[in-house]
Structures are given as C-alpha cells and as structure tokens.
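Peer 1:
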Amino acid sequence: MRAKKFPTHIVVFLLPAFIVYTMFMIWPLADSLRLSFVSNETGQFVYFQNYIKLLSDDLLSVRFWGAVRNNLIFFAINMVVQNPIGLLLAALLSRRNLKGSKIYRTLLFMPTMLSVVIIGFIWQLILSPLWGISESILGSVGLEQFFQPWLGLEDTALNTLALISVWQFIGIPMMLFYAALLGIPEDLVEAAHVDGATSWNVFWKIKFPLILPTVGIVSILTFVGNFNAFDLIYTVKGALAGPNYSTDIMGTLFFRTFFGQQLQLGNPEMGATVAAMMLLIILTGVVIYLVGWQRRITSYEI
Amino acid sequence: MIERIKQQIYDHFFAHLMLLIYGTIALFPIVLVIINSFKSRKAIFSAPMSLPTRETFSLVGYSTVWERANFDLYFGNSIIITVVSIFLILLTGAMAAFALSEYDFRGNGLMSLYMGLGIMIPIRLGTVGILRLVVALGLTNTRLALILVYTAQGLPLAIFVLQSFMSQIPRELKEAARVDGASEYRIFSLILPIVRPAVATVAVFVMIPIWNDLWFPLILAPGESTKTVTLGAQQFLGQFVSDWNAVLSSLTLAMIPILILYLLFSRQLISGITAGAVK
Chain A
1 MRAKKFPTHI
11 VVFLLPAFIV
21 YTMFMIWPLA
31 DSLRLSFVSN
41 ETGQFVYFQN
51 YIKLLSDDLL
61 SVRFWGAVRN
71 NLIFFAINMV
81 VQNPIGLLLA
91 ALLSRRNLKG
101 SKIYRTLLFM
111 PTMLSVVIIG
121 FIWQLILSPL
131 WGISESILGS
141 VGLEQFFQPW
151 LGLEDTALNT
161 LALISVWQFI
171 GIPMMLFYAA
181 LLGIPEDLVE
191 AAHVDGATSW
201 NVFWKIKFPL
211 ILPTVGIVSI
221 LTFVGNFNAF
231 DLIYTVKGAL
241 AGPNYSTDIM
251 GTLFFRTFFG
261 QQLQLGNPEM
271 GATVAAMMLL
281 IILTGVVIYL
291 VGWQRRITSY
301 EI
Chain B
1 MIERIKQQIY
11 DHFFAHLMLL
21 IYGTIALFPI
31 VLVIINSFKS
41 RKAIFSAPMS
51 LPTRETFSLV
61 GYSTVWERAN
71 FDLYFGNSII
81 ITVVSIFLIL
91 LTGAMAAFAL
101 SEYDFRGNGL
111 MSLYMGLGIM
121 IPIRLGTVGI
131 LRLVVALGLT
141 NTRLALILVY
151 TAQGLPLAIF
161 VLQSFMSQIP
171 RELKEAARVD
181 GASEYRIFSL
191 ILPIVRPAVA
201 TVAVFVMIPI
211 WNDLWFPLIL
221 APGESTKTVT
231 LGAQQFLGQF
241 VSDWNAVLSS
251 LTLAMIPILI
261 LYLLFSRQLI
271 SGITAGAVK
C-alpha cells in the first residue's frame, strides 16, 4: 500500500477564494474589532473604554441610542408593511391558471433591481412640493389638504424613508414567498377545495403553515438588511441624516463617526466601535432567529 | 361545481385588480421620470403626467448631462468593476465549491462554515479595516480595490449555492473520468458546464449589489477617474438639484442599462429564486 499523496489539487482549488475572502473580509473585520479596543488619542489598548464612551458619553450616547431607536422603527415599518404586502402579492401571483402572472412578477420586481440612489432621488422628486405631483394626486381624490413635505419634517421623514425602502424591496419577500407557495403540492390544495374550503381558509389553514420557514427567512433578511442600511438615507438626507438627526440610523452614524462631519473629526476607532455594535445587534438577531424561530416551528416535509 | 367555477372567476378578477393596482404603484415613479426626462422644463411642471408631444419634446437635460458629467467614463468603470468581480467570484468560487463538495478532507466542514460566515455578516461592518488595508496596499482610488472587496463580498453566497448544486452531480460521472485517467483539474472542467445554470444564476445575483453599491465607491474610490455610475449619479444629482431636466435625464440614463439587462435576464433570475421550490 503506497502512502497517500499530498492533495495538492485541493489546495489549488481552495486557495484563491480563501486568500481573497480572508484578506478582504475576515481580516478587516478582525482588524476593525481590534481597533474598537484601542484609544483614538494614544493608540493603546484600552479594553472597553470606547464602548463605555459610546454608550454613556453625553454627546455620543444620544446619537447612538437615537440611531438604534430609529433603526428599530425603520425595521418595524419594513416588517409590518413590506412583508405582509409581499405575501399578499405572492399569494395572488401563485394562483393557478392566472393569466399574465409572469408579466406581473417581472414588473413588480423591477424597483428592487434599481440602485437605492436612483430610487431615493425619484421619490425626492415625486414628494417635492416644487413639482407638486403628490399634491395633485391627492387633489384628484379631494385630499390635497393632507399634503405635507413629508421628507422634510422631523415627525414624518423617517417613516417616509422607511416606506420608500418598502416600495423598493418588496420584490424580495414577494419572490421568496412566491417560490415557497409554488412548492406546495397541488393535490393538497385540491383536496381541501373538494371538501368545500374557501380560498381564504385554504390559504391560512394549509398554505401559510407550510411556508412558515420562509416567514423566518424573510424576517431575518429584512433585519440584517435594515440594520446595514445606509445608501437611501445618505442619498436623500446626507450624512447628517436630518432634520435634526430624525432619520439617523446605524449606517449613517457609522459613516459620520468614522469620517467625521462639519466640526467633528473622523475617528476610526470609534467608527470601529459603532461597527462592532452593529455586528452585535445583527448577530443577536441571527441567534434569535436560529434558536427562537427555526428550531421551534415545525417544518413539514412536502 | 358551478359554485367552484364562479368562485374561481371571482378570485381571478380580484387577483388581477390587486396586481394591477400594485403594479401601477411599482411602475408609476419609474415611468414618470423617464417620460419627463424627454420634456422641456415648462412641460415638466405644467403637464407632468402626459407623454412628451411634438411641442414639449426636448433633449436639453441629456445635453447638460453629456457636457457636465463624465457618464461614459462612469459607465466604463462600473462595467469593468462589475464584470471582473463577477468573473473572479465565479471562477474562484466554483473552484472552492468543487473542492468542498467533491473531496472528503479533514476540516472540510469547518472550511465550509468559515467561507459561509460572510452570508450573514455584512462586509460593510469591516469598512474601517478595509480602508486601512487598501491604504496600506496603496490601492486607494483604484478599480482593483473595489474588485477585490466585491469578490470577497460575493464569494460566500456563490460558494454556498454552487456547492449545493455540485453535490447533486452523480458520482459515476466523475469516477468514469477518473478511470479514464483524467486529472482532478480536468474533472473540474468537465463539471463546470453541467452547473452552468447555477453559475448563471449566481452571476445575476452577485451582479446587482455590485453595480448598485454606493458605500465602497464613496469610501475607497471617490476620485473622478474611478467613479462608478452609482456614485457619479449621486454626486451629479446632488450638484444639479435645481436643474430638473438634467436630474431627470441622468436618472433615466442610470436606470436604462439595468432595466434592459433585467428584462433580458429576468427569467434566469426569477427561475433562480424559485428553483428551490420547483425542482
């Protein structure tokens, strides 16, 4: 029996991907985590001082907790508006023998493909009081007195941006739910219909329990995406996330802390600390999903 | 039976109604911007909802964009960065996926897990480290920096998807080639065409976030000569906010290539998403 040859080919196959991935993803992440424990002034290891400062300093903590709060609101709106509408559209699209369903799904997914920068500007124009499009649309149904420059007001800017995000990304839950619904065997649904069940009952009693795993996937994708968001707020409101920081989320806070703005200097170490907190929030979400949801729900083999 | 048919007709009517309403909401903003980009400034404000007519037709916005912004340069940059990144992701990703799905070596599971970390952890969180690395390598304001970052960003998903496809290929196929004396590299090149549909799906998937990204171009390559379309549009639009013709035209210019690509590849993309369900 001859000795096993060293598996050079395995190394050759793995190495290029391993190097690029380790160098440009894992190493920077580790480096960034390390920096979050280093002082900005002295460059020395200071344990959790940056974290303590971020969470309790008079100036910083206000911004941090504000960003966490705004990000949670942003996520909540995405969850309760985007995902149910996505589910409804998917349920309609997956109707058997529905004419034109391919055309519908292609068109409905279109906004999801465009860059957030384009979407941000388009909605800025549409909601602009200067152009008056929204006002005249509201006017056509007699509601023009309700028009406000929503993006400019402290009370409504964040909600408006969240709804723009919903409008853009609704295609993702729609497609994932659609795929899950297509996977349900037809005879199961047919049998229920023969027994006299209405479409409504068939959906909630048979189809919905079967696609519960997808509900979990959609939720965690929304969560990770929202706590990593930046482009939309930056495009529409700039790095200062006005008015008066009312649209400031984790992504914009991270960018500002890292690069500085106006009178405040950029601070890579504090930026790294904000990024580490974002990582912590995202990982918490992932763990809750894996332990609290994926394990508890029953997956049916179909 | 008649009851059921009646119900189905009613159901379908309701489905079409809802889909048409939502379809209007989804497409109205896009169509509105495109039609108004071909109108004179006066018509944009006086009749925003109507199509351009012979009197209101104008290309003044496009000529401003052409004169003031280097959109051709930005397009070139975006195309180079996206195409090279996708090529590197697919090639190195397929190689790694092949190794992980084909060979039973020690540490295989651990390696799969390691490469998969990036699916859930957004690469943006390492931006401080990435910028330090790019500066240390002297790669600021280069397309190469973006290409390497996007390759690292795209690899985890690519490997994950390709690995699951490759592990479904029947063993006999590879064993037969081995008996004929084919090298492992030859076998990899035989497998690649078989997973072509999966490779195409991955390509479409990783392409969109690369083309549309604002974050890394803004941070790693904001210089004029390396600007991508997304960053270029963002900065041009910021400067020309009050020139409505220019804003609408540049938005249309930035949208059109993606919309055309999407319409060409939408079947591929959608069947990729739904593949898990209708295998």
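For the record, the sequence lines run as chains A and B.
Using my numbering, the first residue of the first sequence is number 1, and each one after it goes up by one.
Using my numbering, the first residue of the second sequence is number 1, and each one after it goes up by one.
Glycine is no exception: its CB is placed at the ideal position from the N, C-alpha and C atoms.
1. For Val278(B) and Asp187(A), what's the separation of their Cα atoms in angstroms?
2. Quick one: does Arg95(A) have its CB under 8 Å from some CB of chain B?
3. Going by the CB atoms, is the gap between Val20(A) and Leu155(B) shorter than 8 Å?
4. Out of curiosity, what's the CA-to-CA distance linking Asp58(A) and Leu72(A)?
5. Chain A partners of Tyr62(B), CB-CB under 8 Å?
6. Within its chain, find whatever has a CB closer than 7 Å to the CB of Trp27(A); leave out the 5 residues flanking it on each side and keep chain order.
7. Quick one: list the residues of chain B neighbouring Val224(A), beta-carbon separation under 9 Å, in chain order.
8. If you run the structure through DSSP and keep just helix, strand and coil, what is Gln44(A)?
9. Met1(A) to Asp180(B), Cα distance in whole Å?
10. Quick check: what's the CA-CA separation for Gly61(B) versus Val199(B)?
11. From the DSSP output, read off the bridge partner residues of Lys39(B).
12. Is it buried or exposed, Lys6(B), if we count other Cβ atoms within 10 angstroms and call 16 or more buried?
13. Under DSSP, the alpha helix (DSSP H) around Leu240(A) begins and ends at which residues?
14. Is it buried or exposed for Leu290(A), if we count other Cβ within 10 angstroms and need 16 for buried?
15. By DSSP, does Gln294(A) sit in helix, in strand, or in coil?
16. Grab me the residues of Trp293(A)'s own chain with a C-beta within less than 7 Å of its C-beta, minus the 5 sequence neighbours each way, in chain order.
17. Identify whether Leu265(A) lies in helix, strand or coil by the three-state DSSP scheme.
18. Using a C-beta cutoff of 8 Å, does Val46(A) count as contacting chain B?
19. Please confirm if Pro217(B) has its CB atom under 8 Å from at least one CB of chain A.
20. Any beta carbon of chain A sitting closer than 8 Å to that of Tyr74(B)?
21. Leu92(A) versus chain B: which residues are under 7 Å apart at the beta carbon?
22. What is the C-beta distance between Leu89(A) and Leu108(A), in whole angstroms, given that I count them as a contact (C-beta under 8 Å)?
23. Could you check what DSSP says for Met1(A) in three-state terms: helix, strand or coil?
24. Using a Cβ-Cβ cut-off of less than 8 Å, give me the residues of the region 69 to 89 of chain A that come near chain B, in sequence order.
25. Just confirm the distance between the C-beta atoms of Ile147(B) and Ala96(B), as a whole number of angstroms; I'd bet it's less than 8 Å.
26. DSSP three-state call for Val38(A): helix, strand or coil?
27. For a contact meaning CB atoms closer than 8 Å, what does Ser290(B) contact in chain A?
28. Hey, which unbroken runs of the alpha helix (DSSP H) at 4 residues or more fall wholly within the region 51 to 93 of chain A?
29. With 9 Å as the limit, tell me which residues of the region 114 to 126 of chain A have their beta carbon closer than that to any beta carbon of chain B; keep them in chain order.
30. Which residues in the same chain as Leu269(B) place their Cβ atom closer than 6 Å to its Cβ, once the five residues preceding and following it in sequence are excluded?
31. For the alpha helix (DSSP H) containing Ala99(B), list its first residue and its last residue.
32. Phe236(B) to Leu130(A), Cα distance in whole Å?
33. For Ser78(B), which residues from the same chain have a beta carbon less than 8 Å from its beta carbon, with the 5 sequence-adjacent residues on both sides left out?
34. Using only the alpha-carbon positions, how far apart do Phe74(A) and Asn159(A) sit?
35. CB Gln148(A) to CB Val116(A), shorter than 8 Å?
Peer 2: Put simply:
1. Position 278 of the second sequence, counting from 1, holds the residue named residue 278(B). Position 187 of the first sequence, counting from 1, holds the residue named residue 187(A). Any reading at Val278(B) is ruled out, since the residue's pLDDT is 40, under 50, leaving its predicted position unreliable.
2. Position 95 of the first sequence, counting from 1, holds the residue named residue 95(A). For Arg95(A), the answer is yes, since a Cβ of chain B falls inside 8 Å of its Cβ.
3. To locate residue 155(B), count along the second sequence from 1; it is residue 155. To locate residue 20(A), count along the first sequence from 1; it is residue 20. The answer is yes: Cβ separation under 8 Å.
4. Sequence index remark: in the first sequence, residue 58(A) carries index 58 (1-based). Sequence index remark: in the first sequence, residue 72(A) carries index 72 (1-based). For Asp58(A) and Leu72(A), the distance between alpha carbons rounds to 22 Å.
5. In the second sequence, counting from the first residue as 1, residue 62(B) sits at position 62. For a Cβ distance threshold of 8 Å, nothing in chain A lies close to Tyr62(B): the least Cβ distance comes to about 16 Å.
6. As a position in the first sequence, residue 27(A) is number 27, starting the count at 1. Counting only Cβ-Cβ distances below 7 Å, and skipping sequence neighbours, we find nothing.
7. Numbered from its first residue, the first sequence carries residue 224(A) at position 224. Neighbours of Val224(A) on chain B, chain order: Met120, Ile121 and Pro122.
8. In the first sequence, residue 44(A) corresponds to position 44, counting from 1. Reduced to three states, the DSSP call for Gln44(A) is coil.
9. Along the first sequence, read from residue 1 onward, the residue named residue 1(A) stands at position 1. Along the second sequence, read from residue 1 onward, the residue named residue 180(B) stands at position 180. The pLDDT assigned to Met1(A) is 45, lower than 50, so where the model puts this residue is not dependable, and the model offers no usable value.
10. For the purposes of this step, residue 61(B) is taken as residue 61 along the second sequence, with counting starting at 1. For the purposes of this step, residue 199(B) is taken as residue 199 along the second sequence, with counting starting at 1. Here the alpha carbon of Gly61(B) sits roughly 39 Å from the alpha carbon of Val199(B).
11. Position 39 of the second sequence, counted from the first residue, corresponds to residue 39(B). Bridge pairing for Lys39(B): Phe57(B) [DSSP].
12. Within the second sequence, the letter at position 6 stands for residue 6(B). Lys6(B) should be labelled exposed.
13. The sequence position of residue 240(A) within the first sequence is 240, counting from 1. For Leu240(A), there is no enclosing alpha helix (DSSP H), as DSSP marks it with neither H nor E.
14. Mapped onto the first sequence, residue 290(A) falls at position 290. Looking at its Cβ environment, which holds fewer than 16 other Cβ atoms inside 10 Å, Leu290(A) is exposed.
15. Position 294 of the first sequence, counted from the start, is the residue given in the question as residue 294(A). In the structure shown, Gln294(A) sits in a helix (DSSP, three-state: H, G or I).
16. As a first step, residue 293(A) is located in the first sequence; it is residue number 293 there, counting from the start. Taken in chain order, the residues that qualify are Gly216.
17. In the first sequence, residue 265(A) corresponds to position 265, counting from 1. Three-state result, Leu265(A): strand.
18. Stepping through the first sequence from its first residue, residue 46(A) is reached at position 46. No, Val46(A) does not count as interfacial toward chain B.
19. Stepping through the second sequence from its first residue, residue 217(B) is reached at position 217. No, no contact with chain A.
20. For the purposes of this step, residue 74(B) is taken as residue 74 along the second sequence, with counting starting at 1. Answer no: the Cβ-Cβ gap between Tyr74(B) and chain A never drops below 8 Å.
21. Looking up residue 92(A) in the first sequence gives position 92. Those within 7 Å of Leu92(A) in chain B are Ala15, Met18 and Leu19.
22. The sequence position of residue 89(A) within the first sequence is 89, counting from 1. The sequence position of residue 108(A) within the first sequence is 108, counting from 1. In this structure Leu89(A) touches Leu108(A) by the C-beta definition: roughly 6 Å separates them, less than 8 Å.
23. Here residue 1(A) refers to the residue found at position 1 of the first sequence. Here the model assigns Met1(A) a pLDDT of 45, short of 50, so the residue's position is not dependable and the matter cannot be decided.
24. Result list: Ile85, Leu88 and Leu89.
25. Here residue 147(B) corresponds to residue number 147 of the second sequence, with the count starting at 1. Here residue 96(B) corresponds to residue number 96 of the second sequence, with the count starting at 1. About 18 Å; that fails the 8 Å criterion.
26. Looking up residue 38(A) in the first sequence gives position 38. DSSP places Val38(A) in strand when its eight states are reduced to three.
27. Any property of residue 290(B) remains undetermined from this structure, which presents chain B solely from 1 to 279.
28. Along the region 51 to 93 of chain A, the alpha helix (DSSP H) occurs as fully enclosed runs of 4 or more residues at 58 to 77 and 83 to 93, listed in sequence order.
29. With the criterion set as a beta carbon lying under 9 Å from some beta carbon of chain B, the members of the region 114 to 126 of chain A are Leu114, Ser115, Val116, Val117, Ile118, Ile119, Gly120, Phe121, Ile122, Trp123, Gln124, Leu125 and Ile126, in sequence order.
30. Counting from one through the second sequence, the residue named residue 269(B) turns up at place 269. If we look at Leu269(B) and ignore the five residues flanking it on each side, its Cβ neighbours are Val204.
31. Taking the first residue of the second sequence as 1, we reach residue 99(B) at position 99. From DSSP, the alpha helix (DSSP H) with Ala99(B) extends over Phe71 to Glu102.
32. Here residue 236(B) refers to the residue found at position 236 of the second sequence. Here residue 130(A) refers to the residue found at position 130 of the first sequence. Our two residues, Phe236(B) and Leu130(A), have alpha carbons roughly 20 Å apart in a direct line.
33. Numbered from its first residue, the second sequence carries residue 78(B) at position 78. Contacts found: Trp211, Thr228, Val229 and Thr230.
34. Locating residue 74(A) in the first sequence gives position 74, counting from the first residue. Locating residue 159(A) in the first sequence gives position 159, counting from the first residue. Phe74(A) and Asn159(A) have their C-alpha atoms some 7 Å from each other.
35. By one-based count along the first sequence, residue 148(A) stands at place 148. By one-based count along the first sequence, residue 116(A) stands at place 116. No, Cβ-Cβ distance for Gln148(A) and Val116(A) is not below 8 Å.
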